[in-house]
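These notes are about the structure you will find just below.
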Amino acid sequence: MSFMFRRFFRSPQFMASLALILALGFVSSFYLRNQIQNARLETAQLGERWIPGIAQIGDLQANVLRFRNWQYAYAYETGQAKRQLERLLDEETKGISVQRDMIKSKLTNDEEKKLYDAVSSSWDEYAKIHDRFTMTVKAGNREVAMTILSQDGTPVFRRLESAILGLGSETYSGTSASHFGADRSFGRVQRFAEFLMIANLALGLLFGFTAYRRFRAQKSRPARRPGSGTDGGDSGDKVVPFKKAA
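By numbering that gives the first Met the number 0, the letter at position 133 of the sequence shown is numbered 132, and the numbering carries on one by one without gaps.
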């Protein structure tokens, strides 16, 4: 039996099968590595770029709306409440500037940059209107201040809201695309792994069936007898010793 297996393992069929299995393993490993790398990059983009970007844009929108509400309250409050609102408006102005810088650092394409420029320019314009508004309130002209906030501030604030919503929508589209790319890469890995399972099973069955047939053929072959002349043995002829002539 050990002789049969030695012959089988040295046969061209076995060497070709082994080369095919090794080549398949190399190609599959290289393909799986690339797909996993792509999926890793996409998920990294989700965690480091897109999801934080959406959160920051949402915070910016909430802070801008809160800033607008505090402006109306500031025009009508007096005393300690008015001073507190003034302090909150100043802090919110600085916070919005920090948020803008954080959002700017995560921009990736021209459309996002275009929308960010619209947000930035609208906020700068609205901040100038806010300065006029607060100066007018401090001067005691509340009605004039409300006119500034309503007639001059409202159109600019609407543009600011629209730009923020557009930037959020563009960022969400990038998030969806990144999620789809990661899901597609993982799907390819899964399908290719299933293909490898089937291919390895088929090769294993083929290899085992071939070995089984050779084993059965070896067992059914007649036993070799001394002098039978098979497999390079004696020819079977009787050896006549050479006699020297007298």
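Quick reminder that beta carbons are idealized off the backbone N, C-alpha and C, glycines included.
Hey, could you find the ends of the alpha helix (DSSP H) D151 is sitting in? Counting along the chain, D151 falls outside any alpha helix (DSSP H), and DSSP gives it neither H nor E.
Between which residues of its own chain and G57 is the CB-CB distance below 8 angstroms, once the five residues before and five after are set aside? G167
Going by beta carbon distance, what residues of the same chain come within less than 7 angstroms of S121, once the five residues before and after it are set aside? V155, R158, L159 and A162
Assuming I102 contacts Q70 (C-beta within less than 8 angstroms), just tell me the rounded distance between them. Contact flag wrong, Cβ pair sits at about 23 angstroms.
If you follow the alpha helix (DSSP H) that E111 is part of, which residue opens it and which one closes it? D109 to K137
Distance CB(R131)-CB(D116) smaller than 9 angstroms: no
So, using beta-carbon positions, are I246 and V63 closer together than 9 angstroms? No answer is possible for residue 246: it lies beyond the span of the chain, which begins at 0 and ends at 245.
Considering only residues of the same chain and omitting the five flanking positions on each side of K81, which have a CB-CB separation below 7 angstroms? Y73
Taking the alpha helix (DSSP H) that L84 belongs to, which residues open and close that run? G78 to K103
Cβ atoms of L31 and F191: under 9 angstroms apart, would you say? yes
Which of helix, strand or coil does DSSP assign to S140? Just to set this straight, residue 140 is Asn in the shown sequence, not Ser. If DSSP states are grouped into helix, strand and coil, N140 belongs with coil.
With DSSP as the reference, label L106 as helix, strand or coil. coil
If you draw a straight line from the C-alpha of Q79 to the C-alpha of E110, how long is it? 45 angstroms
Should V97 be labelled buried (16 or more other beta-carbon atoms within 10 Å of its own) or exposed? exposed
Leaving out five residues before and five after R215 in sequence, what residues of the same chain have Cβ atoms less than 8 angstroms from its Cβ? none
Tell me which residues share the same chain as L106 and place their Cβ nearer than 7 angstroms to its Cβ, disregarding the 5 neighbours each side in the sequence. K112 and Y115
Work out the CA separation of I53 and M196 for me, nearest whole Å. 40 angstroms
Using the Cα positions of E169 and S119, report the straight-line distance between them to the nearest angstrom. 16 angstroms
Among E193, A201 and R212, the one whose alpha carbon lies nearest that of S27: E193
Taking only the alpha-carbon atoms, compute the straight-line gap between T135 and A61 and give it to the nearest angstrom. 26 angstroms
What whole-angstrom Cβ distance do T92 and A138 have, given they're in contact under 8 angstroms? About 20 angstroms separates the two Cβ atoms, so there is no contact after all.
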